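Notes follow the structure.
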Amino acid sequence: MSFSLEEYLNELRPLINVDCGTYTLDGIEFIAEQFENKFLQLAGWQVKRIDCDRAGVGLEIRNKPESELIDVMLIGHMDTVFPPGTAAQRPMTLDSQKAYGPGVSDMKSGLLNIVYAMRNLSQSALDKLSICICMNPDEETGSLYSHQWIQNSAKKARYVLVAEAARADGSLVKARKGMARYKIEFSGIAAHAGNEPEKGRSAITEMAHWILAINQMTNLSSGTTLNVGVVSGGTGANIVPDHAQAIVDIRFWNNQEYDDINHQLISMIEQPYLDGIKISLHREAYKPAMIPSDETQSFMNIVEQVGSEIGLVINWQSVGGGSDANATAILGIPTLDGFGPIGAGFHSEDEYLLLDSIEPRIKLLINLLERLAQ
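Position 62, counted from 1, in the sequence shown is what the working numbering calls 63; the numbers after and before it change by one each time, with no gaps.
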């Protein structure tokens, strides 16, 4: 593979210097067009646009669209977590070792690495492998509008590779915690806190009971954590509050333990702590835990062998954050993550991409696909 870092960075820059947070539809469309054009310039690839409702467009890119079987599915997301205006405030910059900017490692460089790998894959590998690349527009908010499409495609796949960034120490990702996010709304009865407090039903008091109960559900020994991270309620100190709201984040390794918590929360709605309170529970996001199976372990061994052949030591991490890998691993398909370049500082102004990791990680992808084609 002949690789020019300068050319790579020139391709990366416009992908960073545009606002493309989830639901920033103009920016998502710009990113989609960029990648659509890159693949239409490659012989033998078909690009299909996927309607992802409020999130905009997704791309399904295949070299053998007529094939029912997918040998290798590659996944990456086009959105970032950043609000409009971020790209203008801090466009892509470079120093001698790193590139900086919104989404530089989470995960525009991962998407671009997929492009470079496909450009440099041998014709014999392309002839033998049925490859499907899914680029979705809403991973950062839980892939609400794309997870069904991702899972339906993954059900046809032998292997799944997710091109999120490799960890700061270069590790790939073999396991990810599951996550769920809930919005809980409490409706009470307003009353004057001085004149007729007995006529009121405090939504905030009900919420306080829930917060204490939710905190008790945390199980540190198994890695299940519940965090009531955002609360709101009330309109004035002299009014019994008739409304309150809490946002809860749950992380877990054990999918059954999460299911038990989910059922417990649902049952709590039917039995408020205070009379006259109504509660609604809405699950806004959900990703099951990604746990490596025996088949995944065998796949990891192949990756390690390929890494050794190109002089790359492969290490693995289990991490607390979710990705689209969670949605495919739960289907029982061998799924591995972290196949982008090395980066860190995700979701912050400190986000960076390690420049000297770009070419080796492209080579890892190419050589792994060549091995799977044998």
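Backbone N, C-alpha and C define an ideal beta-carbon position, used for all residues, glycine too.
Keep in mind that this is a model prediction, so the values were computed, not measured.
Quiz item: Taking the beta strand (DSSP E) that LYS364 falls in, what are its first and last residues?
Solution: Element bounds for LYS364: not the beta strand (DSSP E) but the alpha helix (DSSP H), 359-374.
Self-check item: Beta-carbon proximity of ALA209 to ASN239, cut-off 8 Å
Solution: no
Quiz prompt | As assigned by DSSP and simplified to three states, the class of HIS193 | solution = strand
Practice problem: Could you pull out every residue in the same chain whose Cβ sits closer than 7 Å to the Cβ of ARG55, ignoring the five residues on either side in sequence? | Solution: TYR24, TYR146
Quiz prompt | Start-to-end residues for the alpha helix (DSSP H) that takes in LYS129 | solution = 124-129
Exercise. Let me know the secondary structure DSSP gives GLY111 once reduced to three states.
Key: helix
Practice problem: Would you give the residue range spanned by the alpha helix (DSSP H) that ARG14 belongs to? | Solution: 6-17
Self-check item: Contacting residues, own chain, Cβ-Cβ under 6 Å from ASN228 (five flanking each side not counted)
Solution: ASP250
Self-check item: Buried/exposed call for ALA89, threshold 16 Cβ in 10 Å
Solution: exposed
Practice problem: Assign LYS39 to one of three DSSP states: helix, strand, or coil. | Solution: helix
Quiz item: What three-state label does DSSP hand TRP317 in the structure shown?
Solution: strand
Exercise. Hey, could you find the ends of the beta strand (DSSP E) VAL232 is sitting in?
Key: 226-234
Practice problem: Have a look at ASN64 and TRP211 and give me their C-alpha separation to the nearest angstrom. | Solution: 51 Å
Quiz item: Which residues mark the beginning and the end of the alpha helix (DSSP H) in which TYR259 is found?
Solution: 256-270
Self-check item: Cut-off 7 Å between Cβ atoms - residues of its own chain near LYS129, not counting five sequence neighbours on either side
Solution: ALA374
Practice problem: Could you round the C-beta distance between LYS156 and GLU69 to whole angstroms and report it? I think they count as a contact, below 8 Å. | Solution: No, LYS156 and GLU69 are not in contact; Cβ-Cβ is about 11 Å, not under 8 Å.
Exercise. Counting only runs of 4+ residues fully inside the segment 135-168, write out the alpha helix (DSSP H) ranges in chain order.
Key: 148-155
Quiz item: Near TYR287, which residues of its chain fall below 6 Å by C-beta distance, leaving aside the five closest residues on each side in sequence?
Solution: ALA181
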